[in-house]
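Scroll down for the structure; my scribbles are underneath it.
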Amino acid sequence: MMTRVKETVQSLEARRSVIWLFFIAAGIFVPAGFHRLGLGVAFLPMHIPVFIGAFLCGPYMGMAGAVCTVVLSCLITGMPPVFPTGVCMMVELAAYAGVCAGIMKNRSYTMPSLYGALIAGIVAGRLVNGIAGALTAGIVGESYSLSAFVEGSVISTIPGTILLLCVVPGLVMLLESVLGFHKRGSGE
């Protein structure tokens, strides 16, 4: 009996690791396709796989995956540039992943709970990005104003935020129903 439980846990962790690696790869190659079409910055294509991977794999794997995605994308595709954009994106995406997956830890995967966690993650990530932007600007001796934050992290990302809200919860529910990593239902 204990052997079967141990094998089940190991199988679940192996599947979770494969999914984690898949979403890191998607976070590298999906943005490259968007950028070829001139849609990269506005539609936040790296954010979609990071959020989905975090929801499915949990906060720690999600945060590690977010950082790995940005680092590998910088190395493989040259996008984003390592400093300051890449550094800011690493902390932003790690905040997204940690907050949304942390909220969902031990909760039922319902549409309302996914939307709540997604929105909280978006807000946290944007705030962290603003702080990182101010710090990196200070390092290179540039200024970073509130209007620069609003323009760069809020207004210019509206299309991507809408896309995240339209796509991520549905894909998470679909993938969760297939993979069965978390509890499902209407209660907490």
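Here the sequence shown is numbered in my numbering, starting from 1398 and rising by one per residue.
Built from N, CA and C at the ideal position, the CB exists for glycine as well.
Fair warning: this is a prediction, and the values are worked out from it, not measured in the lab.
What number of angstroms, rounded off, separates the C-alpha of residue i from the C-alpha of residue j?
i: Leu1577; j: Ala1514; result: Note on identity: in this sequence residue 1577 is Gly, with Leu being the wrong assignment. When rounded, the distance between both Cα atoms is 19 Å.
i: Leu1490; j: Gly1475; result: 18 Å
i: Ala1517; j: Leu1562; result: 12 Å
i: Val1415; j: Gly1450; result: 11 Å
i: Val1496; j: Gly1455; result: 10 Å
i: Ala1429; j: Ala1498; result: 25 Å
i: Ala1439; j: Ile1421; result: 20 Å
i: Thr1466; j: Leu1560; result: 20 Å
i: Val1575; j: Ser1505; result: 15 Å
Is residue i near residue j, with beta carbons less than 8 Å apart?
i: Phe1448; j: Tyr1493; result: yes
i: Val1464; j: Met1487; result: yes
i: Met1501; j: Pro1566; result: no
i: Phe1546; j: Gly1527; result: yes
i: Leu1441; j: Thr1554; result: yes
i: Gly1557; j: His1444; result: yes
i: Val1569; j: Phe1426; result: no
Could you pull the start and end residues of the alpha helix (DSSP H) that residue i belongs to?
i: Thr1554; result: Here Thr1554 belongs to no alpha helix (DSSP H), and DSSP marks it neither H nor E.
i: Gly1530; result: Met1508 to Ile1536
i: Tyr1493; result: Val1484 to Met1501
i: Tyr1457; result: Pro1456 to Thr1474
i: Phe1440; result: Gly1437 to Phe1440
Measuring only from the beta carbon, is residue i closer than 7 Å to any heavy atom that is part of the ligand FAD?
i: Glu1539; result: With respect to the ligand FAD, the structure shown offers nothing to examine, as it has no ligands at all.
Is it a yes or a no for the region 1540-1554 touching the region 1458-1475, going by three-plus beta-carbon pairs under 8 Å?
Touching, no.
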